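Presented below is the structure to which this report refers.
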Amino acid sequence: MANSNSRAIFYAAIVVAIIAVLLCVFYMVPGVYHPLAFSGDPSSAHPKHAIAFGLLAVIAIIGALVTRPKSVN
Numbered sequence: 162m163a164n165s166n167s168r169a170i171f172y173a174a175i176v177v178a179i180i181a182v183l184l185c186v187f188y189m190v191p192g193v194y195h196p197l198a199f200s201g202d203p204s205s206a207h208p209k210h211a212i213a214f215g216l217l218a219v220i221a222i223i224g225a226l227v228t229r230p231k232s233v234n
């Protein structure tokens, strides 16, 4: 049971990391409408949002490394 939970958390962390990296890049691109930009021009680059999503990606990658399934040889 613990192994299947660990495997589910591992894959969920990978998915979160991929989505966070994509959002990090998305918020660095100027000229595109950014829906979570509540202050300033919503079509300019938002480095604070990009940093936040970058940190989330790093945390998710660390979580995936900690919970990765152990190989049995």
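Numbering (this note's numbering), first residue to last: 162 to 234.
Just so you know, even glycine gets a beta-carbon here, dropped at the ideal spot from N, CA and C.
As the structure is a computational prediction, the values presented were derived from the model and not from experiment.
- Following the DSSP letters along the chain, one finds LYS209 inside the alpha helix (DSSP H) bounded by residues 208-227.
- Listed in chain order, the non-local C-beta contacts of ALA181 below 8 Å within the same chain comprise PHE214, GLY215, LEU217, ALA218, ALA221, local neighbours out to five positions each way being set aside.
- If you draw a straight line from the Cα of ILE212 to the Cα of ALA169, it comes to about 27 Å.
- By the C-beta density criterion, TYR194 is exposed, having fewer than 16 other C-beta atoms within 10 angstroms.
- If you draw a straight line from the Cα of TYR172 to the Cα of ALA225, it comes to about 7 Å.
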